[in-house]
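Beneath this line is the structure, given in structure tokens, with notes to follow.
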């Protein structure tokens, strides 16, 4: 087996795991998917996809994503080797932990928009803690636009608004 074939099999397994996770989050069995899609996605074929034994085509994956009411990129496995925003020689970015509970008590369009963005991120990550969220580099750009500051100023602005989470000291 070549390295490329092994990578393809690994990706098929990861894609299958992701497909299974989404189906299970929707509370559907393989048979229910088959019935709900008028047998477009047969239970046996879906099982083979989920086990990584078959590769789903992009058009079929798109239709399945539409059936699950998710975007196609949410169906794809995450690449663990990809480091967001990593550039050689760049200093590591400080992680920003935002107190969503405190944010939800604040009034104003700017804060409501920010809260909606953070709730959406929580849903995408399947992080239902609800009180605190650590934002990633690409999230920081959207927050900068909402707060009308540069990306480098987001942390300072959140601190000024008292929205950065500070864990209680013992």
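Residue numbers (the working numbering): -1 to 168.
C-beta: ideal position from N, C-alpha, C; glycine also.
All of these numbers come straight from a predicted model, not from anything done at the bench.
Can you give me the C-alpha to C-alpha distance between residue i and residue j, rounded to a whole angstrom?
{"i": "residue 116", "j": "residue 133", "result": "8 Å"}
{"i": "residue 124", "j": "residue 72", "result": "11 Å"}
{"i": "residue 17", "j": "residue 30", "result": "15 Å"}
{"i": "residue 101", "j": "residue 142", "result": "16 Å"}
{"i": "residue 47", "j": "residue 69", "result": "18 Å"}
{"i": "residue 86", "j": "residue 157", "result": "Any answer about residue 86 is weak, because its pLDDT of 42 lies below 50 and its placement is not dependable; what the coordinates show is given next. If I take the Cα positions, the gap works out to 28 Å."}
{"i": "residue 36", "j": "residue 122", "result": "28 Å"}
{"i": "residue 93", "j": "residue 75", "result": "23 Å"}
{"i": "residue 165", "j": "residue 55", "result": "46 Å"}
{"i": "residue 28", "j": "residue 40", "result": "8 Å"}
{"i": "residue 154", "j": "residue 148", "result": "10 Å"}
{"i": "residue 81", "j": "residue 33", "result": "Low per-residue confidence applies at residue 81: pLDDT is 37, beneath 50, and the placement is therefore not dependable enough to give any value."}
{"i": "residue 8", "j": "residue 118", "result": "29 Å"}
{"i": "residue 63", "j": "residue 146", "result": "34 Å"}
Residue i bridges to which residues according to DSSP?
{"i": "residue 133", "result": "94"}
{"i": "residue 162", "result": "96"}
On the criterion of 16 or more Cβ atoms from any shown chain inside 10 Å, does residue i qualify as buried, or is it exposed?
{"i": "residue 50", "result": "buried"}
{"i": "residue 10", "result": "buried"}
{"i": "residue 152", "result": "buried"}
{"i": "residue 249", "result": "Outside the displayed span of the chain (-1 to 168) sits residue 249, for which this structure offers no information."}
{"i": "residue 160", "result": "exposed"}
{"i": "residue 150", "result": "exposed"}
{"i": "residue 38", "result": "exposed"}
Apart from the five residues just before and just after residue i, which ones in its own chain have a Cβ nearer than 8 Å to its Cβ?
{"i": "residue 130", "result": "95, 96, 97, 98, 99 and 163"}
{"i": "residue 23", "result": "124"}
{"i": "residue 15", "result": "48, 50 and 75"}
Spatial neighbours of residue i within its chain, please: C-beta separation below 6 Å, excluding the five flanking residues on both sides.
{"i": "residue 45", "result": "28"}
{"i": "residue 13", "result": "75"}
If I measure Cβ to Cβ from residue i and keep anything under 7 Å in the same chain, skipping five residues before and after, which residues do I get?
{"i": "residue 140", "result": "115"}
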